[in-house]
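Q: Numbering (the working numbering), first residue to last: 81 to 421.
Virtual Cβ for every residue (Gly too), placed ideally from N, Cα, C.
Bear in mind the structure is a predicted one, so any value in this text is a computation, not a measurement.
Quick one: structure below, then a few questions.
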Amino acid sequence: MIKNDLFLRALNGETVNRPPVWMMRQAGRYLPEFMALRDKYDFFTRCQTPELAAEITVQPIRRFAPDAAILFSDILVVPQAMGIEVLMKESVGPFLPNPIRTQADVDRVFVPDATESLGYVLEGIKQTKVLLQDEIPLIGFAGSPWTIFCYAVEGRGSKSFDQAKGFCFTNPAAAHELLQKITDTTIDYLKAKVAAGVNAVQIFDSWGGMLSPTDYQEFSWQYINQIVEALAPLTKVIVFGKGCWFALQEMGRSKASALGVDWTCSPRNARYLSGGNITLQGNFDPSRLLSPIPTIKAMVKQMIDEFGKDKYIVNLGHGILPNIPIEHAGAFIEAVKEYGN
81 MIKNDLFLRA
91 LNGETVNRPP
101 VWMMRQAGRY
111 LPEFMALRDK
121 YDFFTRCQTP
131 ELAAEITVQP
141 IRRFAPDAAI
151 LFSDILVVPQ
161 AMGIEVLMKE
171 SVGPFLPNPI
181 RTQADVDRVF
191 VPDATESLGY
201 VLEGIKQTKV
211 LLQDEIPLIG
221 FAGSPWTIFC
231 YAVEGRGSKS
241 FDQAKGFCFT
251 NPAAAHELLQ
261 KITDTTIDYL
271 KAKVAAGVNA
281 VQIFDSWGGM
291 LSPTDYQEFS
301 WQYINQIVEA
311 LAPLTKVIVF
321 GKGCWFALQE
331 MGRSKASALG
341 VDWTCSPRNA
351 RYLSGGNITL
361 QGNFDPSRLL
371 SPIPTIKAMV
381 KQMIDEFGKD
391 KYIVNLGHGI
401 LPNIPIEHAG
411 AFIEAVKEYG
421 N
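Rendered as C-alpha cells:
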C-alpha cells in the first residue's frame with residue numbers, strides 16, 4: 081500500500097484536505113545533484129542505466145517530498161525503440177539525423193516488443209520502487225503520438241513544426257500509418273510500465289497546440305484516445321496537452337482520470353471547458369517560479385482557491401526551467417502543503 085496516496089485519491093475525485101503536488105520535470109536540470117550526474121554521464125546513458133534513472137527520479141523526493149514521483153526518462157526512447165536514430169546534441173536538444181519524410185521511410189519504422197527494446201526503463205521502474213519504499217506513487221509517461229511524430233518528421237525541435245504538419249497535409253496516408261505505429265508502440269510500452277509497477281501514467285502532448293482544432297482531432301486526439309482506452313482499465317491516465325484548451329471538452333468526455341492544463345487557460349475556463357467533473361492538473365507558469373518567494377506562495381494559494389482543492393492536482397503548466405532557484409521550487413511545494421492550515 082502507498083503510504084501517501086493523496087495523488088491517487090485526487091485522481092479518483094475523492095474529497096481531500098489539500099490537493100497533492102508534484103512538478104513536471106521535477107527530476108532534472110535545476111537540481112545540483114542532477115547536474116553532478118549530467119557532468120559524468122551523457123543523456124541517453126542516464127536514461128538507459130536503471131540505477132541512474134532510479135537515483136535521478138528520487139532526487140527531488142529527498143529534497144522536497146512532493147506527493148508523487150515521475151520516472152526519469154525521455155519521450156524519445158520510444159522512436160529509438162522503433163528503429164529511428166535519436167541523438168541529444170548540446171545546445172540543439174533532440175536531433176534525428178534521418179527524419180521520416182517519405183512512405184519508404186515510414187515502411188522502415190517498426191513496432192517493437194516494448195518489454196525487450198525498452199526493458200531498461202522497466203528495470204528502472206523496479207529499482208525506483210525499491211528506493212521509494214511505497215512512500216508515494218510513481219508516475220510513468222510517454223509522449224503523445226503526434227508529439228513523437230513531430231520530432232520524427234522534423235528531425236529536431238521547432239517553433240512551428242512546418243515539416244511535420246506539411247507531411248500530414250501532403251501525404252496523410254503515410255502520416256496516419258506512422259502515427260498508428262507510434263500509438264501501438266506507446267500502448268505496449270505503457271502497459272509494460274504498469275506491469276513493472278507504476279501507479280499512474282501521463283501522456284505529454286507537448287506540440288498539440290501547433291494544430292488547429294480540426295487537425296488536432298485528426299492527427300492527435302484520436303491517437304491519444306486509443307492510448308487512454310487501452311490503459312484506463314489498468315491504471316489512472318493523465319492527459320496533458322500544451323496549448324490544447326480547445327480540446328478540453330472532448331478530453332473531459334474520455335476515460336482519462338485527469339487533464340493537465342497550461343498557464344494560458346484560467347482555472348475557471350478549464351473547469352468549464354472540461355465539463356466540471358474531471359480532475360484537473362496544473363497550471364502555474366514555470367517562469368513564475370522566478371518571482372519572490374512570498375509572491376509564489378500567494379499565487380499558489382490563489383491558484384488552489386480558483387481550481388478548488390478537490391479534483392485538482394497542483395503542478396506547473398509545463399516543465400520546470402533549468403534556471404529556477406531551488407528555494408523557489410521548494411516554496412511552490414511548501415505553499416501547497418500549507419494550504420488550509
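1) Checking the sheet assignment: what are the DSSP bridge partners for V341?
2) If I'm right that F424 touches I376 with Cβ under 8 Å, what's the distance once you round it to whole angstroms?
3) Do the CB positions of K169 and G220 come within less than 9 Å of each other?
4) Taking the continuous alpha helix (DSSP H) assigned at Y231, which residues delimit it?
5) Pairs of beta-carbons, one from the stretch 208-215 and one from the stretch 244-264, closer than 8 Å: are there three or more?
6) Going by the DSSP bridge assignment, what does N395 pair with across the sheet?
7) For M168, report the span of its beta strand (DSSP E) as first-last.
8) Cβ of D85 within 9 Å of Cβ of P217?
9) Put L218 into one of helix, strand or coil per three-state DSSP.
10) Could you please give me the residues that DSSP links to D285 through a beta bridge?
11) Restricting to runs no shorter than 4 residues, where is the alpha helix (DSSP H) found entirely within the stretch 138-170?
12) Are there 16 or more other CB atoms within 10 angstroms of the CB of V37, so buried, or fewer, so exposed?
13) So the alpha helix (DSSP H) F387 belongs to, where does it begin and stop?
14) So what does DSSP say about G332, is it helix, strand or coil?
A: In terms of the structure at hand:
1) G362
2) Outside the shown range of the chain, which is 81 to 421, sits residue 424, and nothing can be said about it.
3) no
4) 225-234
5) The stretch 208-215 vs the stretch 244-264: no contact.
6) Paired residues: N363.
7) 167-169
8) yes
9) strand
10) G321
11) Annotation note: the stretch 138-170 contains the following uninterrupted alpha helix (DSSP H) runs of length 4 or greater, listed N- to C-terminal: 157-161.
12) Absent from the structure is residue 37, since the part of the chain shown begins at 81 and ends at 421.
13) Where F387 is concerned, the enclosing alpha helix (DSSP H) stretches over 373-387.
14) Residue state for G332 is assigned as helix, using DSSP reduced to three classes.
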